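A.B. asks: With our numbering applied, the sequence shown covers 1 to 881.
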Amino acid sequence: MRRLLARLIAVFRPSTADDDFAQELDAHVEMLTEDNIARGMSPAEARRAARIKVGAASSLRMRHRDERGLPIVEDLAQDVTFAIRLMARDRWFSAAAVFAIALGIGANTVGFSIINAAFIRGFAFEDAERLHALSWRPDRGFRMRLSYPDYQEWRTQSQSFDDLAAYTSSAINISDDHAAPVQTQGAWVTANHFDVLRQAPLLGRTFADGEDRRGAAPVLIIGFDIWATRFNRSEDVLGRTLRVNGVPTTIIGVMPQGMKFPDDSELWVPFVPSDAQLTRDVRPLTVFGRLRDGVSRTAADAEIDGIARQTMAAHPEQTKDVVGGQVETFIQRYLGRQVRPMFIAVMGAVMFVLLIACANVANLQLSRATHRAREMAVRVSLGATRWRIIRQLLIESLIVAVAGGAVGLVLAQWGIGIFDAAVQMARAPYWMRFTIDYRVLLYVAGICLVSAVLFGLAPALLVSRANQHRTLKDGGRGTTSSGGGRLGTGLVVVELALTIVLLCGAGLMLRSFVALYSSDPGFPVDGLTRMEMQLPPERYPTAAARAAFFDQLHGRLAATPGFAGIASTTSVPPLDDETWRIVIDGRPVSDEERQPFVATVTVTPTYFDVLGVRILRGRGFTDADGQPGSETVILSQLAAERHFPGEDPVGRRIRFVQREDEPQPVQTWRTVVGVSAPFLQGNSDEAFRSAVVYLPFRQDTPRTSSLLVRSTLPPASVMQAVRAAMQAIDPDQPVFAIETVAAVIANERIIYRIFSTLFGVFAGIGLALSAVGIYGVIGYAVTRRTQEIGVRMAMGARRWDVTWMFLRQGVVQLAVALVIGVPAAVGLAMAARFRLVEIEAADPLTIVAITIVVAVVASLASLMPARKAARVDPVIALRAD
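(1) If I measure Cβ to Cβ from tyrosine 517 and keep anything under 8 Å in the same chain, skipping five residues before and after, which residues do I get?
(2) Using the DSSP secondary-structure output, state which residues sit across from arginine 581 in a beta bridge.
(3) Is the beta carbon of arginine 511 closer than 9 Å to that of isoleucine 765?
(4) On the criterion of 16 or more Cβ atoms from any shown chain inside 10 Å, does tryptophan 800 qualify as buried, or is it exposed?
(5) For lysine 868, I'd like the list of residues in its chain whose CB is within less than 8 Å of its CB, leaving aside the five on either flank, ordered along the chain.
(6) As an exercise, report each continuous beta strand (DSSP E) stretch of at least 3 residues that is fully enclosed by the stretch 537-587, in chain order.
(7) Please name the residue or residues paired with leucine 164 in a DSSP beta bridge.
(8) In chain order, what are the residue ranges of uninterrupted alpha helix (DSSP H) at least 4 long that sit wholly in the stretch 375-449?
(9) Determine the burial state of leucine 707: buried for a count of at least 16 other Cβ atoms within 10 Å of its Cβ, exposed for fewer.
(10) Between threonine 249 and leucine 202, how many whole angstroms is the CB-CB distance? I'm expecting something under 8 Å.
(11) Between the stretch 284-300 and the stretch 215-229, are three or more C-beta pairs nearer than 8 Å?
(12) Could you tell me the distance, in whole angstroms, from the CA atom of leucine 616 to the CA atom of valine 572?
(13) Which residues mark the beginning and the end of the alpha helix (DSSP H) in which proline 696 is found?
(14) Verify whether the separation of the beta carbon atoms of isoleucine 226 and leucine 197 is less than 9 Å.
(15) Is threonine 606 helix, strand or coil by DSSP?
(16) Could you check whether the stretch 303-316 touches the stretch 152-167, counting it as contact only if at least three pairs of C-beta atoms, one from each stretch, sit closer than 8 Å?
(17) Mapping the DSSP letters down to three states, classify threonine 668 as helix, strand or coil.
(18) Apart from the five residues just before and just after isoleucine 774, which ones in its own chain have a Cβ nearer than 6 Å to its Cβ?
(19) Could you check the C-alpha separation between threonine 435 and phenylalanine 123 for me, to the nearest Å?
(20) Taking its Cβ as the centre, do 16 or more other Cβ atoms sit within 10 Å of methionine 145, making it buried, or is it exposed?
(21) With 16 as the cutoff for other CB atoms within 10 Å, does methionine 259 come out buried or exposed?
(22) If you follow the alpha helix (DSSP H) that leucine 860 is in, where does it begin and where does it stop?
(23) In whole angstroms, what is the alpha-carbon distance linking isoleucine 634 and leucine 611?
(24) When you compare the CB positions of phenylalanine 288 and leucine 131, do they come within less than 9 Å of one another, or not?
(25) Report yes if the CB atom of phenylalanine 883 is closer than 9 Å to the CB atom of phenylalanine 549, and no otherwise.
(26) If we ignore side chains and look at the alpha-carbon of each, how far apart do valine 380 and proline 429 end up?
(27) Bridge partners for phenylalanine 656 per DSSP, in chain order?
(28) Rounded to whole angstroms, what is the Cα-Cα separation between leucine 457 and alanine 359?
(29) Spell out the partners DSSP gives alanine 187 in its beta bridges.
(30) Within the chosen definition, does the stretch 631-651 reach the stretch 558-570 through at least 3 CB pairs nearer than 8 Å?
(31) Tell me which residues share the same chain as arginine 283 and place their Cβ nearer than 8 Å to its Cβ, disregarding the 5 neighbours each side in the sequence.
(32) Helix, strand or coil, according to DSSP, for phenylalanine 194 in the structure here?
(33) Quick one, which of Leu103, Ile852, Gly776 has its alpha-carbon nearest alanine 403's?
(34) Please report the Cβ distance between alanine 107 and isoleucine 399, rounded to the nearest whole angstrom; I am assuming they are in contact, meaning their Cβ atoms lie under 8 Å.
(35) Where DSSP assigns a beta bridge to arginine 530, which residues make up the other side?
(36) Hey, how far is the Cα of leucine 354 from the Cα of glutamate 375?
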């Protein structure tokens, strides 16, 4: 320990230790000199003999440095110092290498920040990784919610969790006598909801045991935004009353800013089950729990599955549509599986960019190795080992990577800010915020190290393997030419192939977005505004009560000056509503899997007139449709063509297949009375053009709907008129989410725009780096073959011959890259399952366009150094060393 401590001190105080050793060495020489003089030697002879006996001072000092400190640390410090000096000397080369790797690391930082926000960082709760969601595992689909009796049984029997809580999300109307009523996202939760989350309130308290039972006084907890906007952050908000869906409710707590679990919730109310919700047939609850210490998710999953099977055995009729229970992480449950391929594709794209950048910098390192060959030969002649040279070169690469990482972080911070702002416009989950945290910094540190090895190891091995004697003999020229040229050519092929894959992915996304964005909605969007509303079940418990409300509202709005048309619908274009299986009268299907799916939208009779969509066959809805004995539907043209090919569907009957997970009245046969012209409405995966069945509004007037208004007035005036009409009918009923339909359509397309832009940026970076790589390799070849060019031109070669000699190299590289890259791009596009609409993964137009773009860029990058070679003066070339 004393020796180790002395070595550590010597590392930080090397000059002091060296001075002490030099003084001690001089003292030894002086003492020996005096002894020799005493024996009769002359002073000169005595000193000479003393020095011979002590030994060479320089050798002793070197041995002392090896013993008194930590040679590895000092050698590394010397290597770092030399690398920094070299970067400062070759500043333009260093700037090019740093910028190239900065683009790769910056793109990787953006990509990992996206993955980190979506899949790693997760929710900001205490030990959030121990929070898991529980659900039924259905025979079809991913998951199914629980009934209240299921929740009670699972909570009582489970030993793997500290506790289980449950909630159901819903839009909630709030009002009081001091501000206008509003509708906001809320959650009906069990009393232990916040205890399981371990989420403390900012003010007040959370729910107490028993406040989620019948007869308890109504209480609620509000979110930070409601507290700030409605109560101006008043400290005396506790104890005040808000009407929640018309019911006076006391505020007992305020949650801190950013707490919006589960679904961007702004307020929380105890879940008190109704009579219907006490049955096993109704499954409204999402259940979650906190794993006990030492219990794995696998063990908890096995336990919950066992409990679920006991429930299935005890209640076979109510559970015939499920096959067991399951436990999922919060990320799996709340992010969903549909977006995972897109995020993985983003990470794959940025890794391609990094590989392209590393190949590019490796080529730069190879070109510099040619000029440093004599330096390395001298090092070997002076005793440097191959490992010592490799280490020096890797340290230089690491310094470049670290500098590139620092610049890349700056670029990534800018890119992440833009991406986060764009994703928030697309209504990302509240907990998904794209920032640089310690995980991202650790990732950048790791990627700097990996990239330094990737782009530094091959040039280092090549240079250290060169024939050093030949290098000194030839003056440094040509020693690394053969291996370096082949390696550089191979790296360019890899760059181009990776770039082709990136460009094809970006091209497919961009083509998909353009196809979707340029598609005609099928109706005029100008002057069309939508507003959402939800009628609380406490005030409007029956379909008749809801229908009466809408009759009054439509009557009042129809008399408003400037309103050309009013309609209500469960889903504003371009989206649809629910999806059902159907049975067509006269076509019995025994196999349930073969029963076709349709999307549904419930609309008032004025819906198609307000949109400006024609009825192609049959008729539209009337006020009588939806009444008992008049169960009717209207089909979209796509639904008619898909399910009644070559037939006239008007007069035919369809019936929805009864669902087992949600009790519904027995489904009746519905008569098709009309077929609408095609327009934008449906599922986004089908380019918003699904097979849609339209249902009459009166048949089962929904609680949640959107009001469509076609008007010449500005949206603010439309909102004011609608709010006034609503207040006249029900002072506690708000409207919210006013938007033009054009904005609704644009918002639904925004996710395509975000990801297509992101892929386009990554592909553009890759293309630019590949062009630089081609230019560098051919430029390196021109430099290496200068004398050859002079000989050829002296013997009569034309400028075009010299130009084609180097241009051909770029063409061959491009051809090989296309052979590798195009099939790889098509295969990856199919495997990644991009969200493509109206085009295929092997879209020939995209492939041809990308091939042309890459060919043009590669040809230009090859042509510039080739033309430079053709302008070489033969006399100067022949004299060149």
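By construction, the Cβ of each residue, glycine as well, lies at the ideal position given by its N, Cα and C atoms. On a predicted model such as this, the values are computed, not experimentally measured, just so you know.
C.D. replies: Reading off the structure:
(1) One-based indexing of the sequence shown puts residue 517 at position 517. Answer for tyrosine 517: Arg749, Tyr752, Arg753, listed in chain order.
(2) Numbered from its first residue, the sequence shown carries residue 581 at position 581. Paired residues: Phe597.
(3) Working through the sequence shown from its first residue, we reach residue 765 at position 765. Working through the sequence shown from its first residue, we reach residue 511 at position 511. Result no, Cβ atoms of isoleucine 765 and arginine 511 do not sit closer than 9 Å.
(4) Here residue 800 refers to the residue found at position 800 of the sequence shown. Exposed, because fewer than 16 other Cβ atoms sit within 10 Å of the Cβ of tryptophan 800.
(5) Start at 1 with the first residue of the sequence shown, and residue 868 comes out as number 868. Answer for lysine 868: Gly779, Val782, listed in chain order.
(6) 563-569, 579-584
(7) Your numbering for residue 164 matches position 164 in the sequence shown. BP columns for leucine 164 point to Gly289.
(8) 386-425
(9) Position 707 of the sequence shown holds residue 707. It is buried - the Cβ of leucine 707 has at least 16 other Cβ atoms within 10 Å.
(10) For the purposes of this step, residue 249 is identified with residue 249 of the sequence shown, where counting begins at 1. For the purposes of this step, residue 202 is identified with residue 202 of the sequence shown, where counting begins at 1. Threonine 249 to leucine 202, Cβ: 19 Å. No contact.
(11) no
(12) As a first step, residue 616 must be located in the sequence shown, where it is residue number 616. As a first step, residue 572 must be located in the sequence shown, where it is residue number 572. If you take the alpha carbons of leucine 616 and valine 572, they lie about 21 Å apart.
(13) As a first step, residue 696 is located in the sequence shown; it is residue number 696 there, counting from the start. Looking at the DSSP string, proline 696 is not in any alpha helix (DSSP H); the run it does join, the beta strand (DSSP E), is 692-696.
(14) In the sequence shown, counting from the first residue as 1, residue 226 sits at position 226. In the sequence shown, counting from the first residue as 1, residue 197 sits at position 197. No; because the gap between Cβ atoms is not below 9 Å, this pair is not in contact.
(15) Along the sequence shown, one-based indexing puts residue 606 at 606. Of the three classes helix, strand and coil, the one that applies to threonine 606 here is coil, per DSSP.
(16) yes
(17) By one-based count along the sequence shown, residue 668 stands at place 668. DSSP places threonine 668 in coil when its eight states are reduced to three.
(18) In the sequence shown, the residue the question calls residue 774 occupies position 774. Excluding residues within five positions, the ones whose Cβ falls inside 6 Å are Val492, Gly810, Ala858, Ala861, Ser862.
(19) The residue given as residue 435 occupies position 435 in the sequence shown. The residue given as residue 123 occupies position 123 in the sequence shown. In a straight line, the C-alpha of threonine 435 is about 14 Å away from that of phenylalanine 123.
(20) If you number the sequence shown from 1, residue 145 lands on position 145. Checking the displayed sequence, the identity of residue 145 turns out to be arginine instead of methionine. So arginine 145 ends up on the buried side.
(21) Within the sequence shown, residue 259 is the residue found at index 259, counting from 1. The residue in question, methionine 259, is buried, as its Cβ has 16 or more Cβ neighbours within 10 Å.
(22) The count along the sequence shown starts at 1 and reaches residue 860 at position 860. Note, leucine 860: alpha helix (DSSP H), 844-870.
(23) For the purposes of this step, residue 634 is identified with residue 634 of the sequence shown, where counting begins at 1. For the purposes of this step, residue 611 is identified with residue 611 of the sequence shown, where counting begins at 1. Answer to the nearest angstrom: the Cα atoms are 15 Å apart.
(24) By one-based count along the sequence shown, residue 288 stands at place 288. By one-based count along the sequence shown, residue 131 stands at place 131. Contact flag set, yes.
(25) The structure shown has nothing for residue 883, since the chain only spans 1 to 881.
(26) Here residue 380 is taken as the residue at index 380 of the sequence shown, counted from 1. Here residue 429 is taken as the residue at index 429 of the sequence shown, counted from 1. Computed Cα separation, rounded: 60 Å.
(27) Mapped onto the sequence shown, residue 656 falls at position 656. Bridge partners of phenylalanine 656: Ile582.
(28) As a first step, residue 457 must be located in the sequence shown, where it is residue number 457. As a first step, residue 359 must be located in the sequence shown, where it is residue number 359. Approximately 11 Å between the Cα atoms of the pair.
(29) Taking the sequence shown and counting its residues from 1, the one referred to as residue 187 is at position 187. For alanine 187, which the question treats as bridged, DSSP gives the partners Ser169, Trp268.
(30) no
(31) By 1-based counting over the sequence shown, the position of residue 283 is 283. Result list for arginine 283: Trp136, Met144, Arg145, Leu146, Ser147, Asp150, Asp661, Glu662, in chain order.
(32) Start at 1 with the first residue of the sequence shown, and residue 194 comes out as number 194. Phenylalanine 194 falls in the helix class under three-state DSSP.
(33) To locate residue 403, count along the sequence shown from 1; it is residue 403. Checked all of Leu103, Ile852, Gly776; the closest Cα to alanine 403 is Leu103.
(34) Numbered from 1 along the sequence shown, position 107 holds the residue referred to as residue 107. Numbered from 1 along the sequence shown, position 399 holds the residue referred to as residue 399. The pair is not a contact, with the Cβ atoms about 21 Å apart (cut-off 8 Å).
(35) Position 530 of the sequence shown, counting from 1, holds the residue named residue 530. Paired residue(s): Leu708, Glu739.
(36) By 1-based counting over the sequence shown, the position of residue 354 is 354. By 1-based counting over the sequence shown, the position of residue 375 is 375. Distance between the alpha carbons of leucine 354 and glutamate 375 is about 30 Å.
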